[in-house]
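Using the numbering used here, the first residue of the sequence shown is number 1156, and each one after it goes up by one. All remarks here apply to the structure that follows.
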Amino acid sequence: MSALPAKVDVLIVGAGFSGLYQLHHLRKLGFNVKVFEAGGGIGGTWYWNCYPGARVDCDATNYQLSIDGIWQNWSFSEYFPDWKELREYFAHIDRTLDLGRDISLNTRVVAAEFDGAADEWVVRTEKGDVVRCRFVSFCTGFASKPYTPKIQGMETFRGIIHHTGLWPQEGVDLRDKRVAVIGTGASGVQIVQEAAAVAQQVTIFQRTPCTALPMVQRKLDADARRKLKEGQLEVFNCRRKTFGGHIGSFTDRLPSDFSPEERKEFYEQLYARGGFVPLLCGFRDVYTDDDTNDWAYAFWRDTVRARINDPWLQEKLAPAVKPYPFFAKRPPLEQNYYDVVNQSNVSLIDVNENEITRITHEGIQTADGIEHQFDIIVLATGFDAITGSMIQIDIRGTEGATIFDKWTAFASTYLGLMTTNFPNLFFVYATHGPTAFGNGPTTAEVQSDWVIHCIRYMRDHKLSRIHPKKEAEEEYTKLVNDIGDKGMWSKAKSWYTGANIPGKTVQHLSFSGGLNVYADMYRENEEKGFEGCEFS
Ligand code: N01
């Protein structure tokens, strides 16, 4: 681990895709850069989320950085790689670019305060180290603050209890254990699939059914890898021009272009391709038209129900009445979730009918008075997403107020990259970026490019402070909210809007107009000399 310096040009917080990309490019430009990473390894989310079954829901060709020298010498073995292989990929990046010498692991940033007299940030770590920097860039991701619901008695449980986002690095053996999984988002679905194969018993505690789509996992043999490699540059060139930052975008097709039979056949083909992109992009108006959305849900529901034996379970997992607009919550990708629920060692408790009243020494007690005994309780309960990653840090700007004070009631940003009263502070893959709707590496690159170019511009023009104008921030924030209101996301309670966290303001936290539109907008901004910002 590197010794901490007293002063650097740029301090990056977080060693995931964004942090590594910025470190590499800023270092190449001659800046003195350090990365502080809270985890004991690099990889961001793939360091923390090492629970059994954790794997990415974007395909391997899109889920990588476009840095020259990295992609040419790397091939994934599966189309949707798991956390272990993703960690190997990050180790490859580290080795190839020799990044480690500028990364301090186990170094959690807890506070940052702007020193207006020096135009510098004073950053503090949990261990009490203090570092000064001209620029601070938060690459803390959208999911670095796990959410654990307050359940009475949690501390009294004598077995093993962990949140999926804080899974022990040494792992937890699920074999022959009685396992409870609370939560049925992507994390819950993934761990249930693994546990069902080896555990004595798995009990799913479900509050809202997810609408999981088939992953259609594929092993990539030498031939498949060669073909993907041949098309890789094309993927990098095209993905920034798509809505979600991955290949596959909305078409102009409408359901009315098809007869009912053709429409079903068309959707069956898309469904069979796997992943959420084909189905999401099948009809242009699935996000905006109620009839299209209802039809898409009904297709999904009937397809899933056909795999589930028990009628009660069918209704729990794929209800007759659409629980929320299809795609208004991010659909997990499943490999055999709707099959393993038929197994005799898997059961489901609907916490709406039979709520969790407390955690006991032995397990979980429900409202019907039954104490369900477990060896392991998995909290797959999600994250205080997007804003949470930054507002958990005591970041104080020119007025002395914190980011928490500023964003708690109403988040406002300029281009999802900066916010007023916090000069020389950048954030990416975070508040008001294309975050929830954008492929991670693409979003990281697109937004980081603006940050890198801005820092270079300031050096070239001998500027020491950048600050977004209030009117520019108001205008961009209005845009985020106006576009967000046109979609269906507010009709579901999810991390997209903060509705998954009790007491959190429900608002649009991501730019939902598409990564392509976002990229055009910020490019224009850059070409106009970072219009919307004041420099000194
Ligand atoms: O979290 P989630 P996640 N009692 O918020 C339930 C990415 N990711 O970690 O829906 C009972 O989706 C909650 O119920 P409800 C991916 O982008 C990706 O699974 O609020 N249940 C919900 O079912 C994903 O979208 C992968 O009613 C409670 C669940 O917990 C994002 O991270 C893998 C509860 C939380 O689901 C988050 O996914 C993993 C309570 N008190 C994650 N409180 C990949 O595949 C909450 N819940 C890449």
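Here a beta-carbon is modelled for each residue, glycine too, at the ideal position from N, C-alpha and C.
In this model, T1319 and W1203 are separated by some 8 Å (Cα to Cα).
D1376 sits exposed, since fewer than 16 C-beta atoms from the chains shown fall within 10 Å of its C-beta. Counting other Cβ atoms within 10 Å of its Cβ, D1530 reaches 16 or more and is therefore classed as buried. A1161 sits exposed, since fewer than 16 C-beta atoms from the chains shown fall within 10 Å of its C-beta. Cα atoms of L1388 and W1226: separation of roughly 9 Å, rounded to the nearest angstrom. Here the C-alpha atom of I1656 lies approximately 30 Å from the C-alpha atom of G1283. For A1272, there is no enclosing beta strand (DSSP E), as DSSP gives it neither H nor E. In the three-state scheme derived from DSSP, where H, G and I count as helix and E and B as strand, D1331 is classed as coil.
Beyond the five residues adjoining it in sequence on each side, R1611 comes within less than 6 Å, by CB distance, of L1184 in the same chain, given in chain order.
A distance criterion of 7 Å places the beta-carbon of V1506 in contact range of the ligand N01, judged by its closest non-hydrogen atom. The region 1231-1247 and the region 1205-1219 touch, with no fewer than 3 CB-CB distances between them shorter than 8 Å. Distances between the C-beta of S1411 and the heavy atoms of the ligand N01 are all 7 Å or more.
Between S1173 and V1583 a beta carbon distance of about 5 Å is seen, short of the 8 Å cut, so the two are scored as contacting.
Annotation: E1630 to E1686 spans about 13 Å, alpha carbon to alpha carbon. Ranked by how close their Cα comes to the Cα of D1640, the residues L1664, F1398, V1496 and D1274 have L1664 in first place. The DSSP assignment places complete alpha helix (DSSP H) segments of no fewer than 4 residues inside the region 1332-1415 at 1341-1353 and 1377-1394, in order along the chain. Runs of the beta strand (DSSP E) spanning 3 or more residues and lying entirely within the region 1227-1312 occur at 1264-1270, 1275-1280 and 1285-1293, in chain order.
Inclusion of L1488 in the 7 Å shell around the ligand N01 follows from its C-beta lying nearer than that to a non-hydrogen atom of the ligand.
Checking the DSSP bridge columns, you'll see C1688 partnered with P1623. Taking a contact as a CB-CB distance under 8 Å, the pair V1277 and V1265 does not count as one, their CB atoms being some 12 Å apart. Residue environment: K1382 is assigned as exposed (fewer than 16 neighbouring CB atoms within 10 Å of its CB, all protein chains considered).
Here I1525 is exposed. Its C-beta has fewer than 16 other C-beta atoms within 10 Å.
Annotation: C1688 to G1669 spans about 23 Å, alpha carbon to alpha carbon. A straight line joining the alpha-carbon of N1217 with that of F1538 spans about 24 Å. DSSP places L1184 in no alpha helix (DSSP H); its state is neither H nor E. S1342 has its CB nearer than 7 Å to a heavy atom of the ligand N01. The region 1244-1263 makes no contact with the region 1428-1448; the number of CB pairs closer than 8 Å stays below 3. With a cut-off of 7 Å, the C-beta of S1649 is classified as near the ligand N01, since at least one heavy atom of the ligand falls inside that distance. Shortest gap from the CB of I1514 to any heavy atom of the ligand N01: 7 Å or more. Inter-segment contact for the region 1619-1626 and the region 1178-1195 is absent: fewer than three beta-carbon pairs are separated by less than 8 Å. For R1513, the secondary structure class from DSSP, reduced to helix, strand or coil, is strand.
As computed with DSSP, R1210 is found in a beta bridge with D1237.
Along the length of the region 1474-1518, whole alpha helix (DSSP H) runs at least 4 residues long occupy 1492-1495, reported in chain order. Residue pairing of D1549 in beta bridges, as defined by DSSP: A1266. Y1176 carries a helical assignment under DSSP once its states are collapsed to helix, strand and coil.
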